[in-house]
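Colleague: Just passing along the structure, written as structure tokens.
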Amino acid sequence: MLFDMDEAPEMPLPSGRLPSYIRDHRKRLRERFMAGGAAALPDYELLELVLFRSIPRQDVKPLARLLLDTFGDFNRVLTAPVERLAEVKGVGEAVITDLKILEASAHRMARARVMQRQVISSWDALLDYCHTTMAHRETEQFRVFYLDRKNVLIADEEQARGTVDHVPVYPREVAKRALELNASALILVHNHPSGDPTPSQSDIDMTARIRAACEALGITLHDHLIIGKSVELSFRSEGFL
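Heads up, the sequence shown is in full-length UniProt numbering, so the first residue is 1 and it goes up one at a time.
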């Protein structure tokens, strides 16, 4: 069973109250967050705030540090696969659920900034959305942004998922979906879990095949973005398109 290893048992005082050192720590941390926002807290303290709700009667600082040691940073904790989170001692269903709710919320807020908006005027928001949803994935994901005649983003769809260094993509399916949506143009996006956005030869060949399939139908391929850990590569800017 996925959640066999549940959170460590809660340790309230016999009266049912939290020990004062935990209660006071939580209060101070919440006050610092409300006064200074996320910038006032390092990753482990921000993660503690999240864990306060998941594990209401326990010192969660050791678990916050363990999660960061295991996955690297706050973003990677939120985006870690459920199976890997469940392997961390002290992490159970409540913690995983709350982390995944936060991840989904971040994705939805980033997506709201780009959907039904002209891509050219919201390019930075589009890149932020790509990095939020894809930069910390451990396997490759291929997405397509479909645009109307005014270059307004009308659909954002996942085309395929793959392994750590390969994702299967079918040019005919991409072009077919563009016709179904009555899209006039599209932008391809996929991530490199290695962190290096340099395109492989298969990336270049696949992009050429999709471009040919789209051009045959009068659909424009604006760009292909490869998302690395902290930087992206544009096929258009680098001369691959």
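Yeah, the Cβ is synthetic: ideal placement off N, Cα and C, and Gly gets one too.
Return the CA-CA distance between L51 and R76, expressed in angstroms with no decimal places.
Modeller: 15 Å
Colleague: Taking the C-alpha atoms as reference points, what is the distance between L126 and G37?
Modeller: 24 Å
Colleague: Between the segment 180-192 and the segment 210-227, are three or more C-beta pairs nearer than 8 Å?
Modeller: yes
Colleague: How is the alpha helix (DSSP H) around I204 delimited, first residue to last?
Modeller: Q201 to E215
Colleague: Starting from A185 and walking both ways along the alpha helix (DSSP H), at which residues does that stretch end?
Modeller: Annotation for A185: no alpha helix (DSSP H) segment contains it, though the beta strand (DSSP E) segment containing it runs A185 to N191.
Colleague: Drop a sphere of 10 angstroms on the beta-carbon of F235, count the other beta-carbons inside from all chains shown, and report buried for 16 or more, exposed for fewer.
Modeller: buried
Colleague: Suppose the cutoff is 7 Å on Cβ atoms and the five residues either side in sequence are ignored; what does the same chain contact list for T132 look like?
Modeller: A106, H107 and A110
Colleague: Count the C-beta pairs between the segment 88-103 and the segment 112-128 that are closer than 8 Å, then say yes if the count reaches three, no if not.
Modeller: Note that the segment 88-103 does not touch the segment 112-128; fewer than 3 beta-carbon pairs, one per stretch, sit closer than 8 Å.
Colleague: Measuring alpha carbon to alpha carbon, tell me which of V167, K150, Y146 and I154 ends up nearest E140.
Modeller: V167
Colleague: Taking the continuous alpha helix (DSSP H) assigned at F74, which residues delimit it?
Modeller: F74 to T79
Colleague: I'd like the list of long-range same chain contacts for A64, defined as Cβ closer than 8 Å, with 5 residues on each side in sequence excluded.
Modeller: Scanning its chain for C-beta atoms nearer than 8 Å, with the 5 sequence neighbours on each side dropped, one finds around A64 the residues Y44, E45, L47, E48 and L51, in chain order.
Colleague: Where does F52 sit, in a helix, a strand or coil, going by DSSP?
Modeller: helix
Colleague: Have a look at A175 and P199 and give me their C-alpha separation to the nearest angstrom.
Modeller: 22 Å
Colleague: Ends of the beta strand (DSSP E) at L153?
Modeller: L153 to R161
Colleague: Can you tell me whether D223 is buried or exposed, with buried defined as 16 or more other CB within 10 angstroms of its CB?
Modeller: Result: buried.
Colleague: Would you kindly work out how many angstroms separate the C-alpha atoms of A104 and N151, rounded to a whole number?
Modeller: 26 Å
Colleague: For V144, does the three-state DSSP call read helix, strand or coil?
Modeller: strand
Colleague: Quick one: residues in its chain with C-beta nearer than 7 Å to the C-beta of S54, no 5 flanking neighbours on either side, listed in chain order?
Modeller: A94, V95 and D98
Colleague: Let's test the definition: count the other Cβ atoms within 10 Å of the Cβ of M34 and tell me whether it reaches 16, buried, or not, exposed.
Modeller: Residue environment analysis places M34 among the exposed positions, since fewer than 16 neighbouring C-beta atoms fall within 10 angstroms of its C-beta.
Colleague: Taking the alpha helix (DSSP H) that T220 belongs to, which residues open and close that run?
Modeller: The continuous stretches of alpha helix (DSSP H) do not include T220, which lies in the beta strand (DSSP E) extending over residues T220 to I227.
Colleague: Can you give me the start and stop residues for the beta strand (DSSP E) that F103 sits inside?
Modeller: Position check: residue 103 holds Glu in this sequence, whereas Phe was assumed. Segment E93 to A112 is the alpha helix (DSSP H) holding E103; no beta strand (DSSP E) there.
Colleague: State the beta-bridge partners of Q58 as determined by DSSP.
Modeller: None, per the DSSP bridge assignment.
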